[in-house]
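Undergrad: Residue numbers (this note's numbering): 359 to 769.
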Ligand code: AMP
Ligand code: MG
């Protein structure tokens, strides 16, 4: 079988060209958090909807406070959610709480701490001169009715959801979360806690990949561990294609004799089998599996070695999932030019190496990294606690003190 020899950039371009945004859907605001807006949001209302007090204090006419201290009768009291039962006349004060509507006639607020309460609250002594508009929040101060609050492509982060609630956007048009089928393949894999027989190992990739899928905001669907059996695998893949937007498999895509994923997908899907010039995660497959409705479902065939699975997901699957979910900004993790505090060694082999490293921001404001323990593609334990993925170009590595580009795995 011909394998396409590609750089990581070429491999990602192949994938991204085939993974455009999913069709928009309308969801309740509470279900939209983390999704990307599919259309602009125009506010139908002013926020705040009416002029109100920014403080607990007394609503007054500013011109009545030119000479202080000054005493006034307190003619009413107004709390948030209420309205004053009478307008304010010159020479009067109205007790007011934060968020309560400005009584007609008043144009400023005196902070309660700058006053003395007299005669059981029926009078007040004011010690501060205020100017017209002081501590008053005007209608539309935050958002004016008719303005575009957010444009398509905005990620609905928690504060964005808060703003959407404030403009009464109850139904939101978003790019949906991708439903991602995750399955692992291999006769050797045990995931039910039973004792290991000869040649058996514990399953780890599916557990990790389900979590990675969820972490990037998609809905992960567990399709289990599938034996190295072509018929069984075909059934699972077809069911996944009928019920999910994307399929992610791990294992069985390299050159082994029992790589059944390769055998089955080559037969039932349009696949591109690649050798990506990176280490780890050289073998990678991507393609489309047509489901019973004719939809061509993207399939990611990640390598079986756990560290390769992780790196392959980060560099190829995660950006594609994010693009499918409408993200327009950087699709990869946050990248930064870091300082290597220890040498990051490697040999020349024509590949870009992605070493898992430890890092943190230093007092100089730079991100500093050190080598991250064993780098074998089966040694997930060391990689699991790495904080960044260092991109080390072909050559003999980065000397201590040198600069290296890293992707922050914790961002
Ligand atoms: P494969 O790509 O299927 O040849 O697998 C490569 C290596 O990764 C083998 O040592 C497998 O046992 C191991 N492997 C494959 N899938 C998993 C998995 N889901 N969990 C842990 N190890 C795996
Ligand atoms: Mg296998």
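We put the CB at the ideal spot given by N, CA and C, even for glycine.
For residue 536 versus residue 682, is the C-beta spacing smaller than 8 Å?
TA: Cβ atoms of residue 536 and residue 682: closer than 8 Å.
Undergrad: Starting from the C-beta of residue 640, find all residues in its chain whose C-beta is less than 7 Å away, skip the five residues before and the five after it, and write them out in chain order.
TA: So the qualifying residues of the chain are 633, 634.
Undergrad: Report yes or no: do the segment 695 to 714 and the segment 753 to 766 share at least 3 C-beta pairs separated by less than 8 Å?
TA: Yes, the segment 695 to 714 is in contact with the segment 753 to 766.
Undergrad: In three-state terms, what does DSSP make of residue 681?
TA: Three-state DSSP puts residue 681 in a helix.
Undergrad: I need the straight-line Cα distance from residue 518 to residue 494, nearest angstrom please.
TA: Using only the alpha carbons, I get a separation of about 25 Å.
Undergrad: Among 595, 530, 660, which one has its Cα closest to the Cα of residue 650?
TA: Of the candidates 595, 530, 660, the one whose C-alpha sits nearest the C-alpha of residue 650 is 595.
Undergrad: Go ahead and label residue 623 buried or exposed: buried means 16 or more other beta carbons lie within 10 angstroms of its beta carbon, across all protein chains shown.
TA: The residue is buried, with at least 16 neighbouring Cβ atoms inside 10 Å.
Undergrad: Scan the segment 442 to 511 and note each continuous alpha helix (DSSP H) run of 4 residues or more that stays entirely inside, going in chain order.
TA: Correct list: empty.
Undergrad: Answer yes or no: do residue 433 and residue 444 have a C-beta to C-beta separation smaller than 8 Å?
TA: The answer is yes: Cβ separation under 8 Å.
Undergrad: Just to confirm, are residue 486 and residue 426 a CB contact at a threshold of 8 Å?
TA: Contact flag set, yes.
Undergrad: In the structure shown, what three-state DSSP assignment does residue 625 receive?
TA: The answer is helix: DSSP assigns residue 625 an H, G or I state.
Undergrad: Is it buried or exposed for residue 711, if we count other Cβ within 10 angstroms and need 16 for buried?
TA: Buried: at least 16 other Cβ atoms inside 10 Å.
Undergrad: Does the beta-carbon of residue 610, which I'm using as the reference point, lie nearer than 7 Å to any heavy atom of the ligand MG?
TA: Checking every heavy atom of the ligand MG against the Cβ of residue 610, one is found closer than 7 Å.
Undergrad: Which residues in the same chain have their Cβ closer than 7 Å to the Cβ of residue 572, if we skip the five residues on either side of it in sequence?
TA: 578, listed in sequence order.
Undergrad: Determine the extent of the alpha helix (DSSP H) in which residue 601 is found, giving its start and end residues.
TA: Residue 601 -> alpha helix (DSSP H) spans 588 to 601.
Undergrad: Where do the N-terminal and C-terminal ends of the alpha helix (DSSP H) with residue 706 fall, by residue?
TA: Looking at the DSSP string, residue 706 is not in any alpha helix (DSSP H), and its letter there is neither H nor E.
Undergrad: Where does the unbroken alpha helix (DSSP H) through residue 372 begin, and where does it stop?
TA: Run containing residue 372: 366 to 376, per the alpha helix (DSSP H) assignment.
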